[in-house]
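Numbering (this note's numbering), first residue to last: 23 to 702.
Just so you know, even glycine gets a beta-carbon here, dropped at the ideal spot from N, CA and C.
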Ligand code: GAL
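Printed below as a string of structure tokens:
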């Protein structure tokens, strides 16, 4: 067993010397020769690149054989970058151990749920709990930090890459042992584990720690509380890999910030709200999904969630793409102007930079058909011209760095609930999580409303900063969350809660009494029976809205019925209820809605709570976001439509350098960033 590193979260150097706005990308010089490196620096300078993430997958370059280090290439590249005035986000190469590692440590290769050990030849093929992996990672990180820690070009450390992307969970013996250790730390004794997991059910009582295994392949369904704890453990174990490396770096260079890149919104298995507390700078990667016509809205959710994990502070877009990716079935190229729109949407939503995967397009390997800043065709390409244009645009809007995003609405996102809600043996497989939160967020986006994304652990004080709080789907709810929501409503807040919420505690145990135990009092109702719908089935309400997936038999108590079901298994029962709580207002929806109905529901709630877009004229594809600084505010307008946008606004538009007096006109597909002369 490796020794678990402890958190030293007291120290947080934050951004330090990281250039803001940061502009650049993953730089993999080990795929190229010296002549290309020189050309790279020339082109980086031409585009205005100021930060590169160096050596994310460079382990076999710098340690070609175990304990034989060769830094000659990296030394040269570091000096070239430094001479070119380009700062370095130095990556530890631990996302991809070299072949010599897998040969020496076959026990560290990932084991899947079926017990099959996976082979070498890709990346992230290791088990995060493997002692051999932890030891060799520590060696290479120590070498790197000793060599480059004091170099003035190194302004940020980047640990691994998208931790857990391919190896979120492992089923090897080392994992089982680490899981038992984690359970002891969480629960104390075996009796407590038995209680938390409800092992009286199906005769699962454990009488010795050695009997406890990761929830693997079994003939029937696995204990849900055991699964939930395994997911918590998995998230913590990956974070522990991060912490172990970070501590090595901090020991040498305590003033240099450390980060790793999140995949907020798309990755399920890391509790990024928890992880973010261990980051000096929160960083995120986001890629558009070509098959999703609303992928620019998904971008907004990913950015809002990342900002939420950072507690509202500026964060860094570490990776996105200049055009197509190569890992989807059909990889659509971005159209002219789209990369600029994407980059500025991220910046509008709190990123202090726009970086890419990757700088130069690979000519071999899995990612050779993935777009990059320098395409195979070099400078004479549309993409390169737009990269240079983007560099200029970022220079012009640089003054927004350090400012934050002003929001009146918050939406709750909770990873533990995500894991618990989507487990099997539930009333309906249709009750999924991320896509439902995405639907609520999308409805706000279409209304032109930018929202914060807050964790379920947000306290009443935090919630009190918002006019409206949305809880789309919170099956798992602790007593402290229900207390915070209650205090928020009692304090005058407006709250909308979606169905199948407030049902179980943090051990996935049903709250006692009528459903929903954690929210019954606050909502002023109870649910007598769940009445899930069949696949594709819908249900109509008497106010014209339509539900899908789910309905229930709600018995109103102190809540007033606003609308009832007129078709489906819940016909005649209440579908929408509201309850006044002091000055506050709480609304409950007993079904999931299609997009049109959800928008109608939320636009009503927004109006009641007096929430408006950042500028008059926003909404329906005109994205408006306000960043607020100490002495100024900036209105970002991204026009995603095919028509001209007209907005009420006065100030100075930074991208085109023009004064705006009263009306801002943004052509189709274009972006404006206005330093406002009047504070909103
Ligand atoms: C990211 C990853 C990069 C690259 C990119 C391609 O998930 O961090 O290394 O693979 O995807 O889109």
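Cβ-heavy atom distance, residue i to ligand 1, below 7 Å
| i | result |
| --- | --- |
| residue 183 | yes |
| residue 309 | yes |
| residue 157 | no |
| residue 304 | no |
| residue 78 | yes |
| residue 255 | no |
| residue 349 | yes |
| residue 284 | no |
| residue 238 | no |
| residue 47 | no |
| residue 394 | no |
| residue 703 | What the structure shows of the chain is the stretch from 23 to 702, and residue 703 is not part of that stretch, so it cannot be assessed. |
| residue 147 | no |
| residue 144 | no |
| residue 85 | no |
| residue 187 | yes |
| residue 408 | no |
Helix, strand or coil at residue i according to DSSP, with G and I counted as helix
| i | result |
| --- | --- |
| residue 178 | strand |
| residue 689 | coil |
| residue 25 | With a pLDDT of only 35 at residue 25, under the threshold of 50, the placement of this residue in the model should not be trusted; the figure read from the coordinates follows. In the structure shown, residue 25 sits in coil (DSSP, three-state: anything other than H, G, I, E or B). |
| residue 162 | helix |
| residue 673 | strand |
| residue 557 | coil |
| residue 38 | coil |
| residue 471 | coil |
| residue 325 | helix |
| residue 600 | strand |
| residue 306 | strand |
| residue 234 | coil |
| residue 331 | helix |
| residue 32 | Only weak support exists for where residue 32 lies, its pLDDT of 47 falling under 50; the coordinates are left without a value. |
| residue 256 | helix |
| residue 702 | Caution applies to residue 702, whose pLDDT of 48 falls short of 50 and renders its modelled position unreliable; the model cannot decide the point. |
| residue 361 | helix |
| residue 426 | strand |
| residue 551 | strand |
| residue 281 | strand |
| residue 403 | coil |
| residue 543 | helix |
| residue 570 | strand |
| residue 444 | coil |
| residue 371 | coil |
| residue 129 | helix |
| residue 378 | strand |
| residue 319 | helix |
| residue 694 | strand |
| residue 173 | coil |
Integer-rounded CB distance, given that residue j should sit under 8 Å from residue i
| i | j | result |
| --- | --- | --- |
| residue 38 | residue 282 | Incorrect: roughly 16 Å between the Cβ atoms, too far for contact. |
| residue 463 | residue 620 | Contact doesn't hold; Cβ gap of about 10 Å is too wide. |
| residue 495 | residue 537 | Rounded, the Cβ-Cβ distance is 14 Å, inconsistent with contact. |
| residue 442 | residue 498 | 4 Å |
| residue 160 | residue 266 | 7 Å |
Within-8 Å CB hit, residue i to chain D
| i | result |
| --- | --- |
| residue 160 | In summary, chain D is missing from the structure at hand, where a single protein chain is found. |
Would the region 424-434 and the region 80-94 be scored as touching if the rule is three or more Cβ pairs under 8 Å?
no
Any contact between the region 107-114 and the region 140-147? By contact I mean 3 or more CB pairs, one from each, below 8 Å.
no
Does the region 630-648 come into contact with the region 569-587, if we say contact requires no fewer than three beta-carbon pairs (one atom in each stretch) closer than 8 Å?
no
Starting from the N-terminal side, write out each stretch of the alpha helix (DSSP H) that is 4 residues or longer and does not extend beyond the region 602-661.
617-630
Could you tell me whether the region 272-282 touches the region 421-428, using the rule of 3 or more Cβ pairs below 8 Å?
no
Return the chain-ordered ranges of every alpha helix (DSSP H) run that is complete within the region 42-121 and spans a minimum of 4 residues.
56-69, 81-84 and 94-105
In chain order, which continuous runs of the alpha helix (DSSP H) of length 4 or greater are located wholly inside the region 493-536?
501-512
Sufficient close CB pairs (3 or more, under 8 Å) joining the region 545-553 to the region 572-592
yes
Counting beta carbon pairs with one atom in the region 336-343 and one in the region 362-381, are three or more of them shorter than 8 Å?
yes
Under 8 Å, with one C-beta from each stretch per pair, do the region 162-173 and the region 123-137 reach the 3-pair mark?
no
Cβ contact check for the region 442-453 and the region 403-420: 3 or more pairs under 8 Å
no
Is the region 469-476 touching the region 608-619 in the sense that three or more CB pairs, one from each, lie closer than 8 Å?
no
Any chance the region 575-588 sits against the region 482-489, with 3 or more Cβ pairs inside 8 Å?
no
Within the region 189-213, ranges of the alpha helix (DSSP H) (whole runs, at least 4 residues)
195-209
Taking one C-beta from the region 207-221 and one from the region 177-186 each time, how about it: are there three or more such pairs within less than 8 Å?
no
When you compare the region 383-397 with the region 595-615, are there three or more beta-carbon pairs, one atom per stretch, that lie closer than 8 Å?
no
Does the region 193-211 come into contact with the region 234-241, if we say contact requires no fewer than three beta-carbon pairs (one atom in each stretch) closer than 8 Å?
yes
State whether the region 70-80 contacts the region 37-51, with contact taken as three or more CB pairs (one from each stretch) at a distance under 8 Å.
yes
If we count Cβ pairs, one from each stretch, closer than 8 Å, do we get three or more for the region 238-256 versus the region 203-218?
yes
I want to know whether the region 660-678 touches the region 641-650 - three or more CB-CB distances under 8 Å.
yes
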